[in-house]
Each structure stands twice: as structure tokens, then as C-alpha cells.
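K.L.:
Take the sequence shown: its letter number 115 is residue 153 in our numbering, and every next letter is one higher.
Just so you know, even glycine gets a beta-carbon here, dropped at the ideal spot from N, CA and C.
Submitted below is the structure of interest, expressed as C-alpha cells.
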Amino acid sequence: MHVLHVVGARPNFMKVAPVHAAFRKRAGVRQSLVHTGQHYDANLSDIFFEQLQIPRPDVSLEVGSGSHAVQTAEVMIRFEKTILERKPDLVLVYGDVNSTVAATLVCAKMGTKIAHVEAGLRSYDRTMPEEINRLVTDQLADMLLIPSDEAVGNLLREGVAREKIYFVGNVMIDTLRTLLPQARMPEIPNLSDKFALVTLHRPSNVDDPATLKRILATLNTISDRLQIVFPVHPRTKARIESLGYHFEDSTRFFAIPPTGYLECLALQQRATVVITDSGGLQEETTALGVPCLTVRENTERPVTITHGTNTLVGTDMELLSYEVSQILAGHGKGGRIPPLWDGSASERIADVVLDTQAMPQRRAA
Ligand code: UD1
């Protein structure tokens with residue numbers, strides 16, 4: 039059987055790593071890895087391949103940045119040729135980035151089977167580009183591999199057949215468990231053992247100058263009470279620079295370049311609190327038991343709230359400040375690990391894919 043994986047952006051890399059490894063252990067499977075090149079900076083892409091020990095891509099589409107339409111279309115045009123040349127039996131797509139939906143559209147039109155890893159998540163907010171990507175991908179995928187059980191209801195409501203849904207668990211946690219022993223702190227002189235890790239890159243937070251200014255002002259105020267480490271995503275960096283804002287050298291507020299995976303894990307593990315709009319960090323903090331304040335009005339990962347350590351603060355900066363005080367006073371939210379976030383999701387994926395290929399009519403999950 040020939041399985042082809044498609045990845046393109048940073049959050050895809052920690053998902054493909056354990057799934058590729060799980061298929062490597064099984065006999066009779068040939069694998070191809072396609073990197074669309076949606077993310078191309080060394081610190082958003084290459085470092086993850088190295089640290090996560092992902093094999094070099096067999097195909098690099100090198101699409102780069104662009105508007106949503108341009109980026110999606112470029113992936114489609116280039117990926118169609120890949121499918122014609124490689125003729126895989128099944129394509130695995132990951133998460134909710136533009137590369138995910140683009141590859142899915144190509145496969146659906148060419149009659150190539152698609153399995154979606156991390157299917158069924160919904161924020162119910164169609165202003166998020168990722169929500170559009172999730173909706174379309176899940177309508178077209180043949181196998182929906184879900185990380186948490188609320189995804190079943192989301193998919194059934196959209197008319198997805200129950201037979202296509204497989205509750206396999208969260209592959210991000212497979213990677214976290216494997217690599218946690220190797221987590222390493224980046225060198226940040228004068229950083230104490232109490233700090234907040236901050237990451238922000240959602241268009242809803244960084245693209246509107248007024249919103250971005252309010253968030254930065256609040257973070258500055260928080261930094262009087264708690265040191266801040268802020269790895270700055272390129273999109274956010276560009277927006278901050280266009281405000282004419284510059285981070286000053288400070289021993290309270292450390293704006294640093296995006297980190298590798300092992301550094302990000304160590305920062306999360308040691309942080310007093312994580313302040314973020316990332317989906318991945320909401321999950322990782324839940325797995326690590328570290329309080330997370332999410333700067334969004336909604337989340338497609340509600341299990342991190344019901345089971346985990348996550349709290350939504352939206353863009354209410356007073357609430358963000360208040361929640362930080364609560365955590366500093368020792369009232370941070372505790373949590374428990376959601377079902378099937380156990381480090382074996384990728385093994386279940388490999389099993390279910392191979393099983394289903396052998397017995398196409400089988401009903402699972
Ligand atoms: C993308 C995903 C988002 C994910 C995020 C993680 C979509 C719609 N969005 O957002 O879901 O959470 O990745 O990082 O797929 N840029 C660089 N170097 C790069 C890549 C991008 O400098 O290697 C800059 C470019 O200015 C680019 C901008 O970042 O225009 C945005 O990149 P893009 O891939 O469009 O979206 P992200 O914001 O990274």
C-alpha cells in the first residue's frame with residue numbers, strides 16, 4: 039500500500055512525525071512525504087524536520103506565501119502533478135492549514151482516497167480561515183481521524199456518515215510524550231523561574247492595529263509582575279513593525295525569534311502561565327498541566343477547557359490581567375488528560391488505515 043502524507047506549515051510537522059514513524063513499523067507500506075512549502079523559513083520548517091526526525095520530503099512544492107486564494111491554488115496546481123506521478127492509494131492530510139484543504143480538493147476531484155488527521159474540530163467561527171479549511175476537508179475526506187470525542191457530534195451534524203469517523207486520539211501528544219525528555223530551554227539571560235510564555239499569530243489578534251496595540255500594552259503591564267517570553271511569529275513581527283513599535287531591551291520582556299519544538303516544549307513546561315492564540319499550545323499545556331489563557335473568543339478544542347487547563351479570555355484585556363493575577367496567587371486551573379491523549383494515537387491511525395484498506399466495508403469507532 040502506498041500512503042502519501044501532505045504537510046505545509048509548522049503545526050503539521052509535529053502531527054506527521056509520529057504517524058510516519060508508525061507506518062514505518064508496518065510491513066507492506068510504502069510512504070511518500072510532500073512538503074508544500076507554505077512555511078519555508080528555517081525556524082518554521084527545517085528545525086522541526088531535524089528535531090522531530092521527519093525524513094526529508096520526497097517532493098517539495100515550494101509554494102511560499104500569498105493570499106489565501108493564491109496559496110491554495112498554487113498547492114492545487116503543483117500537487118495535482120504529484121498525484122498523477124505517484125498514484126498513492128491513500129493521502130493523509132493534517133490539521134487545518136491552507137495546504138490541507140488544497141491537497142484535499144485535488145484528491146477528491148481525482149478520486150484518490152483521503153484520510154484527515156485531526157478531523158472534526160469546530161470553532162463555529164467562519165471568520166477563521168482554518169474553520170473554512172476544516173469544513174471543506176471534512177466534507178471531502180473518506181476517513182475522519184478524530185482527536186477528541188466531541189468531534190463526532192460536530193461531524194454528524196454536518197451529515198458525515200458515522201462509518202467514516204474513527205476516534206483515534208491526539209497525535210500531538212504522541213510527539214510531546216516522545217520528545218519531552220529532550221526538551222531544552224533556549225538561553226535567555228536574566229530569565230527567572232517565573233515567567234509567562236506568549237505566542238500570538240491569529241489574524242484576528244494581529245492584523246487589526248487597534249487590537250494588536252491593546253494586547254501589546256496589556257502584555258507590557260503584565261511584565262511588571264511576571265517576566266514575559268514572546269517568540270514572535272513572522273506574521274506578528276511584520277504587523278508589529280508596521281505599527282512602528284519596537285521591543286526595547288528589557289529584563290522583563292523577552293521578544294525572541296520563533297523557537298524550535300524542543301525549546302517550545304521546555305518553555306511551556308517551565309512557564310507559570312501560557313498566553314496564546316495557538317491551537318497546538320492549548321493542547322500541549324493541557325497535556326503538561328500548565329495553565330493556559332487563550333486570547334480568542336472561541337476554541338475548536340473545547341476539551342482543553344472541559345478537561346484541561348485552558349481558559350478563554352477573548353480579547354478582554356482586563357480579564358487577561360485578572361486571570362494572570364489569579365494564577366500568580368496560586369489559583370491556576372488544574373486539569374486532567376482527555377481520553378486517548380495517551381501517546382498511541384498514531385499507532386491507532388496506522389492500524390485503522392491498514393484494517394480499513396483490507397476490509398473497506400468494516401464499521402469502526
Ligand atoms: C498558518 C496557518 C495557521 C497556523 C500557522 C502556524 C493557514 C490559513 N494558517 O498561519 O493555521 O496556526 O500557520 O504558524 O494555513 N511567513 C514567513 N515565513 C514563512 C511562512 C510565512 O515569513 O516560512 C510570513 C509571510 O509574511 C506570510 C505570513 O507569514 O505572508 C503568513 O503565513 P501563512 O502561511 O499565510 O499563514 P500563518 O499566519 O503562518
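Between the C-alpha atoms of N81 and E301, what's the straight-line distance to the nearest angstrom?
P.N.:
Taking the sequence shown and counting its residues from 1, the one referred to as residue 81 is at position 43. Taking the sequence shown and counting its residues from 1, the one referred to as residue 301 is at position 263. Using only the alpha carbons, I get a separation of about 12 Å.
K.L.:
Assuming Y299 contacts Q89 under a Cβ cut-off of 8 Å, what Cβ separation, rounded to an integer in Å, is found between them?
P.N.:
One-based indexing of the sequence shown puts residue 299 at position 261. One-based indexing of the sequence shown puts residue 89 at position 51. Indeed they touch by this definition, with Cβ atoms about 5 Å apart.
K.L.:
Check this for me: beta carbons of Q320 and N348, under 7 Å apart or not?
P.N.:
Stepping through the sequence shown from its first residue, residue 320 is reached at position 282. Stepping through the sequence shown from its first residue, residue 348 is reached at position 310. A contact, by the Cβ cut-off of 7 Å.
K.L.:
Check whether the Cβ atoms of E365 and V311 lie closer than 7 Å to each other.
P.N.:
Counted from its first residue, the sequence shown places residue 365 at position 327. Counted from its first residue, the sequence shown places residue 311 at position 273. The amino acid occupying residue 365 in the given sequence is Ile; Glu does not appear at that position. The answer is yes: Cβ separation under 7 Å.
K.L.:
Do the CB positions of L99 and G75 come within less than 7 Å of each other?
P.N.:
Looking up residue 99 in the sequence shown gives position 61. Looking up residue 75 in the sequence shown gives position 37. Their beta carbons are under 7 Å apart, which means L99 touches G75 by this criterion.
K.L.:
Given that a residue counts as buried once 16 or more other Cβ atoms are within 10 Å of its Cβ, and exposed if not, what is I387?
P.N.:
Sequence index remark: in the sequence shown, residue 387 carries index 349 (1-based). Buried, since its Cβ has 16 or more Cβ neighbours within 10 Å.
K.L.:
Which residue from S186, L235, S382 puts its Cα closest to that of F268?
P.N.:
Start at 1 with the first residue of the sequence shown, and residue 268 comes out as number 230. Among S186, L235, S382, the Cα nearest to that of F268 belongs to L235.
K.L.:
What does a CB cutoff of less than 8 Å around P56 pick up in its chain, not counting 5 residues either side in sequence?
P.N.:
By one-based count along the sequence shown, residue 56 stands at place 18. Once the five neighbours on either side are set aside, the close Cβ partners of P56 are V209, D212, T213, T216, A383, S384.
K.L.:
Does the separation of the CB atoms of V131 and H154 fall below 7 Å?
P.N.:
In the sequence shown, the residue the question calls residue 131 occupies position 93. In the sequence shown, the residue the question calls residue 154 occupies position 116. It is a contact, given that the beta carbons lie within the stated cut-off.
K.L.:
Leaving out five residues on either side along the sequence, give the residues of the same chain with a beta carbon under 6 Å from the beta carbon of R48.
P.N.:
Mapped onto the sequence shown, residue 48 falls at position 10. H77, L82, listed in sequence order.
K.L.:
Quick check on DSSP: helix, strand or coil for L229?
P.N.:
Position 191 of the sequence shown, counted from the start, is the residue given in the question as residue 229. Coil at L229, not helix or strand.
K.L.:
Just checking, does the stretch 256-263 make contact with the stretch 332-345 on the three C-beta pairs under 8 Å criterion?
P.N.:
No: the two stretches stay apart, fewer than three of their Cβ pairs being nearer than 8 Å.
K.L.:
Taking 6 Å as the cut-off, is the beta-carbon of E34 closer than that to any non-hydrogen atom of the ligand UD1?
P.N.:
Since the first residue shown for the chain is 39 and the last is 403, residue 34 is missing from the structure and cannot be characterised.
K.L.:
Using a Cβ-Cβ cutoff of less than 7 Å, which residues in the same chain neighbour A309 once the five nearest sequence positions on both sides are dropped?
P.N.:
Residue mapping note: residue 309 aligns to position 271 of the sequence shown, counting from 1. For A309, where only same-chain residues beyond five positions count, the Cβ hits under 7 Å are F233, A234, L235, V328.
K.L.:
Would you mind listing the alpha helix (DSSP H) stretches within the stretch 358-389 that are 4+ residues and don't spill past its ends, in chain order?
P.N.:
Listed in chain order, there is nothing to give.
K.L.:
Quick one: grab the DSSP three-state call for V135.
P.N.:
Looking up residue 135 in the sequence shown gives position 97. Note: V135 maps to coil in three-state DSSP.
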